[in-house]
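Q:
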Amino acid sequence: MDENYSLGFIEFDDQGQLHDRKQLEFLIDDLYSKAAKDNLLIVVFVHGWQHNAQHDDSYLTNFHKTLGKLSKLESQSARADKRPKRQISGVYLGWRGRSLDIPYINTSTFWERKNTAHTVGHGGVAEVFSRLEELRNVKISIDEAVPINKTRLVIIGHSFGGAVVYTALSQIFMDRFVQTKGPIGISSDVRGFGDLVVLINPAFEATRFLNLSLMANERGHYFATQLPVLAVMTSESDWATKYAFWAGRSVSTIFDTYKGISYINKAAGIKTTVSEKEANRTAIGHFKPIKTHFLEYKPIQKEENDMIAYQRVKAGWDNDAPDTSIEFSGSILHHKHNSISHNPYLIIKVDERIIPNHSDIFNDAVEDFIRNFILLSVQDS
Numbered sequence: 355m356d357e358n359y360s361l362g363f364i365e366f367d368d369q370g371q372l373h374d375r376k377q378l379e380f381l382i383d384d385l386y387s388k389a390a391k392d393n394l395l396i397v398v399f400v401h402g403w404q405h406n407a408q409h410d411d412s413y414l415t416n417f418h419k420t421l422g423k424l425s426k427l428e429s430q431s432a433r434a435d436k437r438p439k440r441q442i443s444g445v446y447l448g449w450r451g452r453s454l455d456i457p458y459i460n461t462s463t464f465w466e467r468k469n470t471a472h473t474v475g476h477g478g479v480a481e482v483f484s485r486l487e488e489l490r491n492v493k494i495s496i497d498e499a500v501p502i503n504k505t506r507l508v509i510i511g512h513s514f515g516g517a518v519v520y521t522a523l524s525q526i527f528m529d530r531f532v533q534t535k536g537p538i539g540i541s542s543d544v545r546g547f548g549d550l551v552v553l554i555n556p557a558f559e560a561t562r563f564l565n566l567s568l569m570a571n572e573r574g575h576y577f578a579t580q581l582p583v584l585a586v587m588t589s590e591s592d593w594a595t596k597y598a599f600w601a602g603r604s605v606s607t608i609f610d611t612y613k614g615i616s617y618i619n620k621a622a623g624i625k626t627t628v629s630e631k632e633a634n635r636t637a638i639g640h641f642k643p644i645k646t647h648f649l650e651y652k653p654i655q656k657e658e659n660d661m662i663a664y665q666r667v668k669a670g671w672d673n674d675a676p677d678t679s680i681e682f683s684g685s686i687l688h689h690k691h692n693s694i695s696h697n698p699y700l701i702i703k704v705d706e707r708i709i710p711n712h713s714d715i716f717n718d719a720v721e722d723f724i725r726n727f728i729l730l731s732v733q734d735s
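Remember, the numbering used here sits 354 above the position in the sequence shown when you count from 1.
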């Protein structure tokens, strides 16, 4: 059936250690067995604050539904491209995002859970991600000209789950960006981790991304073959990361020292100065100098064929440039003038009609955007 998928689980304790290594061993063995026979599209989801891996957690329930819908769209895409369908394999990474079950009082755990998220990201999560990417690389590296199996890997993190993911991968993003430059300048497309990383309402400060943002702008040019490698989506009405985050960081960083960082914005052609102080107090998705896109709401056309919408998205990315737009079924992605064409790092401000708050991330418009963005990013270059 078109909506077939599998789902595995890996859990971590507050120190970032695997809750049970047998979970990892079983998952990796299972995925290797599947990948020996079929193409896979591995989708990892890391939940955030106030969630966990319990069977009745709302995010786990919604992730099941998302995998089913993605499997259906992948079936349609495979038929249209005349290629074998990739089997959808979900991986749910659980940690104690919810440490208290007492209503109202549990909101006091915000900063304590933020620290735990970074600890988890520095721990066993990095190993899990590396093993999953190694599985992907093994399947495509035997003969790069004619891959025997085109397994793909996508990682999604929400809230402090976004902090978990970025903490584990930030240095890898930096290293792989540098590797795209040869002795005579730009020599290749930018590699990310796996095929795509998506962070939704991530709760970590902009300074953690700032250096990569400046490097991406400094490059000044990307090839037409460049695909997205990182998408950060933040609702304009997410109070948790917009207000509570800023207030808490303002107190916890009160004795830090700062400077201004000046650089030439290659897209806008102007000199820009970034405040380290504001970058260190502001969540990544609310820091204006690094925003590259705005995702505007539009009513979903229920009668529209999914493949027609997907082909429109592909064509839109092929023609990506500042001040252009890509139309999805339930949204329109506007490329701002301050970001160059085919920038692989998208920092997206999201219309509150698409993501109305910190936690409502599994509605039709969000899922439509992410499903099509995943298929865009895992296509054959």
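Ideal placement from N, C-alpha and C gives every residue a C-beta, glycine not left out.
Computed from a prediction, not measured in an experiment: that's the story for all the values here.
Going by DSSP, what residues sit across from M587 in a beta bridge?
A: I554, I702
Q: So what does DSSP say about E357, is it helix, strand or coil?
A: The three-state secondary structure of E357, taken from DSSP, is coil.
Q: Taking C-alpha atoms, which residue in G370, K419, N717, F380 lies nearest to N358?
A: K419
Q: Rounded to the nearest angstrom, how far is the Cβ of T505 from that of L489, given a contact under 8 Å?
A: 7 Å
Q: Here's the rule I'm using: 16 or more other beta-carbon atoms within 10 Å means buried, otherwise exposed. How should K645 be labelled?
A: buried
Q: Taking just the CA atoms, how far does E590 sit from H688?
A: 15 Å
Q: In three-state DSSP terms, what is E658?
A: If DSSP states are grouped into helix, strand and coil, E658 belongs with coil.
Q: In whole angstroms, give me the CA-to-CA distance for K642 and K388.
A: 43 Å
Q: Relative to the alpha-carbon of I686, which residue among L700, V704, N697 has its alpha-carbon at the smallest distance?
A: V704
Q: Q655 to E428, Cα distance in whole Å?
A: 20 Å
Q: Using DSSP with H/G/I as helix, E/B as strand and the rest coil, what is F599?
A: It is helical.
Q: Assuming the contact rule is C-beta atoms closer than 8 Å, V397 and L421 should be a hit. Round their C-beta distance to whole Å, please.
A: Your pair V397 and L421 checks out as a contact, with CB atoms roughly 7 Å apart and the cut at 8 Å.
Q: Pair every Cβ in the segment 576-594 with every Cβ in the segment 610-623, then say whether three or more of these pairs are closer than 8 Å.
A: no
Q: So, with DSSP's three-state summary, where would you put H691?
A: coil
Q: Can you name the start and end residues of the beta strand (DSSP E) that E681 belongs to?
A: 679-681
Q: Going by the C-beta, is F563 closer than 7 Å to any heavy atom of the ligand MG?
A: The model depicted lacks the ligand MG and carries no ligand whatsoever.
Q: Alpha helix (DSSP H) containing K426: first to last residue?
A: 412-435
Q: For the beta strand (DSSP E) holding F514, just list the boundary residues, first then last.
A: Membership of F514 in any beta strand (DSSP E) is not indicated; the residue belongs instead to the alpha helix (DSSP H) covering 514-532.
Q: Please determine, among K596, L729, V732, S513, the residue with the shortest C-alpha to C-alpha distance to V737.
A: Residue coverage of the chain in this structure runs from 355 to 735, which leaves residue 737 outside it and unanswerable.
Q: Using three-state DSSP, classify A633 as helix, strand or coil.
A: A633: helix per DSSP, three-state reduction.
Q: Give every residue of the same chain whose Cβ lies closer than 6 Å to the Cβ of G574, excluding the five residues on either side of it in the sequence, and list them in chain order.
A: K620
Q: Taking the straight line between their C-alpha atoms, what separation do you get for I554 and A637?
A: 12 Å
Q: Cα-Cα, which of F727, D677, L581 is closest to D660?
A: F727
Q: Looking only at its chain, what residues have a beta carbon closer than 8 Å to the beta carbon of A675, apart from the 5 residues adjacent to it on each side?
A: H689, S695
Q: Please work out which residues of its chain come closer than 7 Å, Cβ to Cβ, to N717, disregarding the five sequence neighbours upstream and downstream, and give them in chain order.
A: none
Q: Starting from F723, trace the alpha helix (DSSP H) in both directions and tell me its first and last residue.
A: 718-731
Q: How long is the line joining the alpha carbons of W671 and I608, rounded to whole angstroms?
A: 42 Å
Q: Just to confirm before moving on: does the CB-CB distance between A570 and A633 stay below 8 Å?
A: No, these two residues do not count as a Cβ contact at 8 Å.
Q: What's the C-alpha gap between L394 and S425?
A: If I take the Cα positions, the gap works out to 11 Å.
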